[in-house]
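In my numbering, the protein residues as written are 2 to 531. C-beta: ideal position from N, C-alpha, C; glycine also. Everything numeric in this text was worked out from a predicted model, so none of it was measured.
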């Protein structure tokens, strides 16, 4: 018996085509990828002959080869005989009605195919009848892609009838067709009683309000669908509201895509409200990414934050207080503030998470505790804090060192307080000079920026409309200010030097203590690792 390669060469000789080395090499593997090769009807006939007795190839990709209806019939004949091919891609091949008729007959007889891709083949409503009949008799096919075709209302009716009887299909893609009105309603009616379909792609059709109402009824009864794509379907606010009614009782759907429709924030809020009412909802992803939302939507979304894994993609947000950035707080300081309010010590906080007394806390336990206590630090701040605390990068926090980290944080806080006190003193000095020099109340109340220089302050006074009679003494005022600063400078500089020296000395001591503890810890861990 000739091998597949020899059979292919012989078939090429009979059909009058040049053998392709890509085909000869691929016949011995499980995947034969021949997309964009321009095989045409004759080239695919030679390939089909060589694959009749082939037991290796399980995935055949013939996308974009201009097979036409004749080539589609050759592949249909092949798949009626070969039971080893599990996945075939015939997308964008101009199969049209002749190819659909042959493939429909093949699907009625084939019991091996699990996935078929027929996107972009100019199939029309009458072709939906042939394909649907084949699918109703098929007991193996799990995934079918019929996107980018020309199915309309009648096509929707045929596929709806098929869904009501088919008991194996799990993934069905009908996106980029013309399903609308009675076709959309019929398809949803078939979905109501279906017990196997999990993924349904219906983007870029014309469901509108009629289709949305039918889909809502299907969602109330269907118990297997987990993914539904209804993007770009001309669904308005009323359509979104009726779909929300379906979500109120659905307990299986996990992903719902509704972007690029006509509803606004009111429709989006109706969807969130339905999720709030349905405590048994499994929804994890809601896509309304093209809907501009407002503060009321965000407040409603906040009430759903306790839903584990729920992600809502929405569009831009109009001005909202909830969007205004909160003042940044150093992560460790945020924890300290929480502990101070609850009269706890840092050591007690970490010790409560140490279940085995090893002085080590898994990172996951620490994250969960931060979320449980609602300590106001976000994910970025938490990751930054964990990088500092997980010194050995082993996924745990050794909190033996935390008292030294705590002392370092106290020193940082002390430095911040000294700097703020110095800036405040500077502002008070400037205000004091203004009050002495200008007895005019309106000038005494002028705002002075923190850290402003004396010339800047004088320019500000002049710019604010100081009377001409008072402009002449400005030089004397500056001289008086410098004299005032000179009196204060010696004590201020001495205090700053003492504070800086104290902070530097204490920081050095703490760092030395941390280094000693880390050295001791590493000496204890290394022998165990060896």
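In DSSP terms, what residue i is bridged to
i: residue 173; result: 145, 201
i: residue 258; result: 230, 288
i: residue 363; result: 397
i: residue 312; result: 286
i: residue 318; result: 294
i: residue 88; result: 60, 116
i: residue 28; result: Residue 28 is not bridged to any residue.
i: residue 39; result: Beta-bridge pairing links residue 39 to no other residue.
i: residue 33; result: 61
i: residue 268; result: DSSP output for residue 268 lists no bridge partner at all.
i: residue 207; result: 181
Neighbour-count burial assignment, residue i, 16 or more Cβ in a 10 Å radius
i: residue 234; result: buried
i: residue 12; result: buried
i: residue 112; result: exposed
i: residue 418; result: exposed
i: residue 426; result: exposed
i: residue 15; result: exposed
i: residue 222; result: exposed
i: residue 64; result: buried
i: residue 424; result: exposed
i: residue 9; result: buried
i: residue 357; result: exposed
i: residue 205; result: buried
i: residue 102; result: buried
i: residue 337; result: buried
i: residue 420; result: exposed
i: residue 131; result: buried
i: residue 202; result: buried
i: residue 346; result: exposed
i: residue 372; result: exposed
i: residue 375; result: exposed
i: residue 230; result: buried
i: residue 84; result: exposed
i: residue 118; result: buried
i: residue 37; result: exposed
i: residue 39; result: exposed
i: residue 307; result: exposed
i: residue 30; result: exposed
i: residue 24; result: buried
i: residue 429; result: exposed
Proximity below 7 angstroms, CB of residue i to CB of residue j
i: residue 49; j: residue 18; result: no
i: residue 243; j: residue 215; result: no
i: residue 138; j: residue 98; result: no
i: residue 171; j: residue 199; result: yes
i: residue 351; j: residue 400; result: yes
i: residue 316; j: residue 275; result: no
i: residue 192; j: residue 175; result: no
i: residue 606; j: residue 312; result: Outside the shown range of the chain (2 to 531) lies residue 606, about which nothing can therefore be said.
i: residue 68; j: residue 45; result: yes
i: residue 34; j: residue 62; result: yes
i: residue 145; j: residue 167; result: no
i: residue 87; j: residue 56; result: no
i: residue 190; j: residue 158; result: no
i: residue 51; j: residue 81; result: no
i: residue 396; j: residue 362; result: no
heavy atom of the ligand COA below 6 angstroms from residue i C-beta
i: residue 426; result: The ligand COA is not among the ligands present in this structure, which contains no ligands whatsoever.
Span of the alpha helix (DSSP H) around residue i
i: residue 180; result: Careful: residue 180 lies outside any alpha helix (DSSP H) and carries neither H nor E.
i: residue 389; result: 380 to 390
i: residue 225; result: Run containing residue 225: none; DSSP gives neither H nor E here.
i: residue 153; result: Segment: none, residue 153 is in no alpha helix (DSSP H) and carries neither H nor E.
i: residue 243; result: 238 to 248
i: residue 98; result: 97 to 110
i: residue 134; result: 126 to 138
i: residue 331; result: First-last for residue 331: undefined, no H or E at that position.
i: residue 12; result: 5 to 16
i: residue 80; result: 69 to 82
i: residue 352; result: 347 to 352
Opening and closing residue of the beta strand (DSSP E) in which residue i lies
i: residue 1; result: With the chain covering 2 to 531 only, the question about residue 1 has no answer from this structure.
i: residue 61; result: 60 to 62
Are the stretch 115 to 126 and the stretch 84 to 94 touching by the rule of at least three beta carbon pairs closer than 8 angstroms?
-> With the rule of 3 Cβ pairs closer than 8 angstroms, the stretch 115 to 126 counts as touching the stretch 84 to 94.
Between the stretch 149 to 158 and the stretch 178 to 197, do at least 3 Cβ pairs fall closer than 8 angstroms?
-> yes
Segment contact, 8 angstroms Cβ cut-off, at least three pairs: the stretch 274 to 288 with the stretch 246 to 257 | yes
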